[in-house]
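Chemist: For the numbering used here, count along the sequence shown from 1 and bump the result up by 118. Glycine is no exception: its CB is placed at the ideal position from the N, C-alpha and C atoms. My structure is below; once you've seen it, I'll send some questions.
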Amino acid sequence: MTTPKAAAFQDRPLAEVVAELTDEIRELYVADDVPWVIGYSGGKDSTAVLQLVWLALKGLPADQRAKPVHVISTDTLVENPVVAAWVGQSLDTMRTAAQEQQLPIESHKLTPEIKDTFWVSLIGKGYPAPRPKFRWCTERLKIKPSNSFIRRVVRRHGEAILVLGIRKTESQARARAMARHEKRRVRDRLSPNGNLPNSLVYSPIEAWSTEEVWAFLMQYPNPWGHKNKELLTMYQGASDDSECPLVVDDSTPSCGDSRFGCWTCTLVEQDKSMTAMIRNDDEKQWMRPLLKLRNELDDVNNESQTRDFRRMNGNVQLLGDGDRTIPGPYKQSAREDWLRKLLGAQTQVRKKAPEHVRGIELISMAELHEIRRLWVFEKHEVEDSLPGIYEEATGEKFPGLPLDEQLVLGAEEIGLLKEACEDDPIHFSMTRELLAIERQYRTMTRRAGLFESLEKAIKKGYYEDADDALQFAKRLKELRESDPTQLALNEETITDAPA
């Protein structure tokens, strides 16, 4: 990518366009008391929007800078590490500069709740790597954190105005969506947000081209002191796609279609930005373990070995052709393997990375504690394997406290149980779950729900193997199609039929 040339802005001087737009921003800002929320990803579009707002506010008298402007940046905790470091430094610089320049700009770094993080969902719960038809990550990692913040602002002030760096030239879908919102505009430039009540959207650079964005960034110094030439260098080190925008609804282009997104993203065939960074810069060779793990997550060739034939709730469902079952969550062995690989990659990166990223945390200790809880108490994997995996991969003792001995089986007990089940993995997991449920309820004063939990475990372990489950699902489908009334009699009648 070559340094962008100054664009024509429809044959108007850049200074004239910027002056007109900053005047418009000032007019909108002082028109009411509704706070602003600016989406900032650290990329070129959101940087341009924030610079324009910053310049506009500096042009106002101090007594008119009364309304708060919240700058929010959503860190998915699996962001491209180079971009994540850039954004973090920018937010810190921004916070200091706003105070020094007496501007009502407050920066906030948002993160998903621990229960919703990428690794807790994938390794803890067993969600498969995201796909276009199962894009579970966007809602949990991006939409929920940003929407929660915006809703808090709305509850406090009654309304909020979102200032976003969305542009019509990003994609045809984006242009169509923006055109629909234009028809419902109020206050000239503000569009309603259908997903967030009492919030309006302002998109000041919606008509700008990519070249015009870069022309502005190269000719107008960054007012909070973060150098735009370094931003350009970061773009030059990667591919030519657009940046990852702030996501507030599912109509926003996914990070998979953008330049800078999550390093774990499997919504595209390959991570072009990280690949290009590694190829173009010897100092970024330390990211190779991340790229390798991302590519392994994207591999679907061994799903029959890594994913359960049952869905998360234990049910078996047929694919459209009726010859295969819909694969379910990752098996225990696969989840344990992903954790080994992730901790191994983290260990490698910490040894090879430059000083400023040597303490990189690919998975936090809070996430590890939550994964351990999910494995032992919700999936009833009572051998409690996480501490051992952590020590094996890192060479360090896991800093978590021992779990209740009544709820955990030792290696010797697990070995005896496997032997009693004759190494049948389905019957072993069912028996282990039954034992875990009984032990768990034994410590409770009220045991309501015990029999329902036991029944659920037995139904989940009903099948001999994946083929038996497939044949069962086929019989169920045939019965549903031939005699729906008989199917409705009782699910237990079908379950009791001979395998």
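Assuming F495 contacts P505 under a Cβ cut-off of 8 Å, what Cβ separation, rounded to an integer in Å, is found between them?
Modeler: The pair is not a contact, with the Cβ atoms about 15 Å apart (cut-off 8 Å).
Chemist: Quick check on this structure: which residue in K162, Y147, R560 has the alpha carbon closest to the alpha carbon of V155?
Modeler: Residue Y147 is the option with its Cα nearest to V155.
Chemist: Leaving out five residues on either side along the sequence, give the residues of the same chain with a beta carbon under 7 Å from the beta carbon of H545.
Modeler: Correct list, in chain order: C539, G579.
Chemist: Any idea if L519 is buried or exposed, counting beta-carbon neighbours within 10 angstroms, 16 or more meaning buried?
Modeler: Burial call: exposed.
Chemist: Taking all protein chains shown into account, do 16 or more other C-beta atoms lie within 10 angstroms of the C-beta of K251, making it buried, or fewer, making it exposed?
Modeler: Exposed is the call here.
Chemist: Starting from I279, trace the beta strand (DSSP E) both ways and give me its first and last residue.
Modeler: Start and end: 278-281.
Chemist: Report all residues from its chain with a CB closer than 6 Å to the CB of G462; omit the five preceding and five following residues, and keep chain order.
Modeler: Answer for G462: A511, listed in chain order.
Chemist: In or out: G242 buried (at least 16 other Cβ within 10 Å) or exposed?
Modeler: So G242 ends up on the buried side.
Chemist: The beta strand (DSSP E) spanning K536 covers which residue range?
Modeler: No beta strand (DSSP E) contains K536, which is instead part of the alpha helix (DSSP H) from 529-538.
Chemist: With E330 as the anchor, note down where its alpha helix (DSSP H) starts and where it stops.
Modeler: 328-337 is the span of the alpha helix (DSSP H), which, as asked, contains E330.
Chemist: Measure the alpha-carbon distance for Q219 versus Q182 and round it to whole angstroms.
Modeler: One C-alpha to the other measures close to 14 Å.
Chemist: Using the beta-carbon count (16 or more within 10 Å), is P322 buried or exposed?
Modeler: Flag for P322 reads buried.
Chemist: Determine the burial state of R258: buried for a count of at least 16 other Cβ atoms within 10 Å of its Cβ, exposed for fewer.
Modeler: With 16 or more other Cβ atoms within 10 Å, it is buried.
Chemist: Could you pull out every residue in the same chain whose Cβ sits closer than 8 Å to the Cβ of Q207, ignoring the five residues on either side in sequence?
Modeler: Here the set comprises H344.
Chemist: Apply the 10 Å Cβ neighbour rule to N198 and answer buried if 16 or more other Cβ atoms are within range, or exposed otherwise.
Modeler: By the neighbour-count rule (16 or more Cβ atoms within 10 Å), N198 is buried.
Chemist: Looking at the structure shown, is L228 part of a helix, part of a strand, or coil, going by DSSP?
Modeler: Of the three classes helix, strand and coil, the one that applies to L228 here is strand, per DSSP.
Chemist: Can you list, in chain order, the residues of its chain whose CB lies under 7 Å from that of A471, leaving out five sequence neighbours each side?
Modeler: So the qualifying residues of the chain are W404, I478.
Chemist: Which residues in the same chain have their Cβ closer than 7 Å to the Cβ of A166, if we skip the five residues on either side of it in sequence?
Modeler: Same-chain partners within the cutoff: G283, I323, V331, F334, L335.
Chemist: For I156, name the three-state secondary structure that DSSP assigns.
Modeler: In this structure, I156 counts as strand in the three-state DSSP scheme.
Chemist: Quick one: measure Cβ to Cβ for L521 and L460, integer angstroms, because I've assumed they're closer than 8 Å.
Modeler: The Cβ separation is near 22 Å, so there is no contact.
Chemist: Say whether the segment 230-248 touches the segment 170-186, bearing in mind that this needs 3 or more beta-carbon pairs closer than 8 Å, one atom from each stretch.
Modeler: Not touching, per the Cβ criterion.
Chemist: Ignoring anything shorter than 4 residues, give me the alpha helix (DSSP H) runs that lie fully in the segment 174-225, in order along the chain.
Modeler: For the segment 174-225, whole alpha helix (DSSP H) runs of length 4 or above, ordered along the chain, are 199-218.
Chemist: Measure the Cβ-Cβ separation of R468 and G446 and say whether it is below 8 Å.
Modeler: No, the Cβ-Cβ distance between R468 and G446 is not below 8 Å.
Chemist: Quick check on the DSSP output: the beta strand (DSSP E) that includes L308 runs from which residue to which?
Modeler: Residues 308-310.
Chemist: How big is the Cα-Cα spacing for E509 and T465?
Modeler: Distance between the alpha carbons of E509 and T465 is about 11 Å.
Chemist: So, using beta-carbon positions, are K577 and L436 closer together than 8 Å?
Modeler: Cβ distance not < 8 Å, so K577 and L436 don't count as in contact.
Chemist: I want to know whether the segment 438-456 touches the segment 385-394 - three or more CB-CB distances under 8 Å.
Modeler: Not touching, per the Cβ criterion.
Chemist: I need the boundaries of the beta strand (DSSP E) containing L318, first residue and last residue.
Modeler: It spans 317-320 - the beta strand (DSSP E) in which L318 sits, taken as one unbroken run.
Chemist: If we ignore side chains and look at the alpha-carbon of each, how far apart do E348 and D586 end up?
Modeler: Between E348 and D586, the C-alpha separation is close to 59 Å.
Chemist: With H, G and I counted as helix, E and B as strand and the rest as coil, what does DSSP make of A436?
Modeler: Looking at the sequence itself, residue 436 is Leu, so the reference to Ala does not match. Correct three-state label for L436: strand.
Chemist: Hey, V196 and C380 are a contact pair by Cβ (cut 8 Å); roughly how many whole angstroms apart?
Modeler: Going by Cβ atoms, the distance from V196 to C380 rounds to 4 Å, so yes, they are a contact pair.
Chemist: Drop a sphere of 10 angstroms on the beta-carbon of F236, count the other beta-carbons inside from all chains shown, and report buried for 16 or more, exposed for fewer.
Modeler: F236 should be labelled buried.
Chemist: In whole angstroms, give me the CA-to-CA distance for P407 and R550.
Modeler: Taking the straight line joining both Cα atoms gives about 35 Å.
Chemist: Could you spell out the range, first to last residue, of the alpha helix (DSSP H) harbouring N398?
Modeler: From DSSP, the alpha helix (DSSP H) with N398 extends over 390-398.
Chemist: In terms of alpha-carbon separation, which member of L132, P230, A215, N265 lies closest to A484?
Modeler: The shortest Cα separation from A484 among L132, P230, A215, N265 belongs to P230.
Chemist: Please report how far the alpha carbon of D692 lies from the alpha carbon of D210, in whole angstroms.
Modeler: Any property of residue 692 remains undetermined from this structure, which presents the chain solely from 119 to 617.
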